[in-house]
Structures are given as C-alpha cells and as structure tokens.
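So my numbering is basically just the index in the sequence shown, starting at one, shifted up by 28.
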Amino acid sequence: MTVVSSKKILEEALRGGYAVGAFNTSTLEATKAIINAAAKLASPVIIETSEGEFNFLDSNIIFDQVKDLSDEYGVTVALHLDHGKSLETVKKAVEARYTSVHIDASNLSYQENIELTQKVAEFAHKKNISVEGELGHISGSSEKHSEKIEINLSNLTDPGLAKEFVKETGIDILAVSIGNIHGVYTNPPELDLGRLERISKVKIPLSLHGGSGIPENQIKMAVKLGIAKVNVNTELRMAYAGELREELKAHPKEIVPYKILPEVIEEIEKVVENKIKLFGSEGKG
Ligand code: 13P
C-alpha cells in the first residue's frame, strides 16, 4: 500500500455512501494507533496535522513514518494538511510530501477566500495533490471546553454560494460549516442537515470538521447526505492525555516509555476503531 491522494479515497467513499476518518496526529504513538486501527478494520484512512502539529512534528520524517507504517500494515492512507492558512504553509507541506492540503481562508472575505483557494488549487493540482477548501467558518479549538457551544449563524456555509465557490476555486473537497465546531463542549452540537442537503448539490466530497462529540445518529445522517470525510482530533487527544495520566498515577515509579505508552496507543486505537465503524469505512481499504 502507499500514500495516495485524499481525492481518490474520498471520491470512492462518496460513491460508496460511507465516510473516511481524518485523524489528527502530533506524536508517533497517535500515528501508530491510527494505522493499527485502520489495518485491523481494513479501512482507508487520512492522517492529518494542523499547522501547530506540523510544526511540532519533524516535517522531514512524518511522511516516511506514515508511508513505512502503511506499507508494513497494508493500509491505504492519505497525508493531509489540516487548516493551512497560507500558500507558504501549503508549500511546506508539499515539500514534506503531503498528498493533500486544506486551505482555510475562511477568515477572509468571500472574494479573498476564492482567490487564495484558487491559487492553492492551481499550485497543488500540478503536483497531483488534493485540495480542500472551506466556505463558511468552523470555529473552536480541539480541546475539552467547559462551556456550552455558541454557533454564530453568519459563519454557516451558504448553500447558494457553494456551487460557485467549488467551480471558481477548482477544489476537490469542501469543508462545511453546518453547526459543527472544533472541540468537545458541555452540550452536543446540532447539525443543520437541511442546509447540508442543499450544499451537497455541489457533488464533490464534503468534509465535516469537529467530529468529536457529535452524536452518532447525526453523523450517520450526515454521511447519507454527502459527508465523505470526518475530522477527529479532540477525542484522540483526550484518550492520549487521559490514559497517560492514568498510567503515571498507577505506576508512579515507572520511567520506561515503552512500558507506559502501549496502553496509551491502545486507548487511541479504540477511539479510531469506533469512528471507523461509525463512518462505515470498515472493509473498504
Ligand atoms: P475535533 O477536535 O472536534 O474532533 O475536530 C477536529 C477537526 O475538525 C480538525 O480539523
């Protein structure tokens, strides 16, 4: 197996009526856990890093780690930049051999968003790299928040603009804002599925960010309406930090990383396995 473009994985998912998980990593433990889970369930998978995660990881070795592990376990994988904010960051990811990039120009005006996204698509497509654009803005950070969700309605994706945005920019994947938010809050989000149905007329794979904490029935309905990629980060971070704390508390004298970390990997793996089953990509690798 090898590292492929996310367009290939996601177009197959859209045709097949399932979604593929895009799981964030910033450590080798998380990368291993994602690949292990995908291998166990014979699922394709997207491994992604935000700008912060990308800067923390050694960008020269992430591709090799992902490629070697996916070859070893026979997993179809895409390596994706999550929320790249500029052409410069996209270029760095391309240099690091990423096969897919998300350009998030959603904080700019509609016209500026089109212009930057178009530039990125032109650059990336020449190198056979898939491009995700974002219309509307998905807020929040991938953390456990102690407050309730607040969605600003003006941030939601305008279905009336979606077709034009896709056509003008030439993107392969569209990230939608339909009530989803990054992170886990004290109340679950409520997706605007009617809006999603109208957006889905663009007929390209749609990407649902903020996959942590969304009730399972809502995810299933969203997949039926054209969501082909679901991003998950916070629940993986919670598994990592939670299990690490438990391990250190249970074995306060233990200092050997390879004795502490296998349980951490296992906990992340469980989260990824559950998501793969929920998204319906089991056996599609
Ligand atoms: P969560 O942290 O809510 O899972 O969202 C992740 C994400 O959308 C990354 O872009």
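We put the CB at the ideal spot given by N, CA and C, even for glycine.
These numbers were taken from a predicted model, which means no experiment stands behind them.
Cβ atoms of residue j and residue i: under 8 Å apart, would you say?
i	j	result
R226	P187	yes
L163	T127	no
F51	L189	no
I74	Y101	no
L236	N261	no
V194	A152	no
A65	E301	yes
G45	S309	no
L69	I242	no
T402	V103	This structure gives no information on residue 402, because the portion of the chain shown stretches from 29 to 313.
L306	E218	no
Would you report the Cα separation of residue i and residue j, rounded to the nearest angstrom?
i	j	result
G207	S169	14 Å
G311	S71	5 Å
K34	E76	Looking at the sequence provided, one finds Ser at residue 34 rather than Lys. Going by the C-alpha atoms only, they are around 11 Å apart.
S240	K176	15 Å
E282	L276	7 Å
S114	H173	27 Å
E150	I157	10 Å
D99	Q246	34 Å
P285	H108	28 Å
L56	L97	11 Å
K229	L42	13 Å
G254	E40	12 Å
Y138	S167	17 Å
D220	I179	11 Å
S287	E274	A quick correction: the sequence has Lys, not Ser, at residue 287. One C-alpha to the other measures close to 13 Å.
K231	L202	10 Å
E171	G238	10 Å
A250	L224	7 Å
P280	T145	50 Å
E79	F91	15 Å
S54	N135	25 Å
K147	D110	17 Å
D200	I89	26 Å
L38	K298	23 Å
S87	G222	40 Å
Between residue i and residue j, how many whole angstroms is the CB-CB distance? I'm expecting something under 8 Å.
i	j	result
V159	V105	About 18 Å; that fails the 8 Å criterion.
K252	P233	Contact flag wrong, Cβ pair sits at about 14 Å.
G161	T117	Between T117 and G161 the Cβ distance is about 15 Å, and since that is not below 8 Å, they are no contact.
A278	I296	So it is not a contact: roughly 18 Å between Cβ atoms.
Indicate whether at least one CB of chain B lies closer than 8 Å to the CB of residue i.
i	result
P217	The chain labelled as chain B is not found in the depicted structure, where only one protein chain is given.
Quick one: which unbroken beta strand (DSSP E) runs of 3-plus residues sit fully inside the stretch 214-253? Chain order, please.
234-236
Only counting runs of 4 or more residues, tell me where the alpha helix (DSSP H) segments fall wholly within the stretch 34-91, in order along the chain.
34-44, 56-68, 79-84
How about the stretch 76-87 and the stretch 282-292: do they share at least three Cβ pairs that are nearer than 8 Å?
no
Just to confirm the assignment: which complete alpha helix (DSSP H) runs, minimum length 4, are found wholly within the stretch 91-117?
none
Which ranges would you report for the alpha helix (DSSP H) in the stretch 126-198 if only whole runs of at least 4 residues count?
138-154, 187-197
Given 8 Å as the limit, is there contact between the stretch 198-218 and the stretch 171-185, that is, 3 or more CB pairs closer than that?
yes
Starting from the N-terminal side, write out each stretch of the alpha helix (DSSP H) that is 4 residues or longer and does not extend beyond the stretch 259-313.
262-278, 285-307
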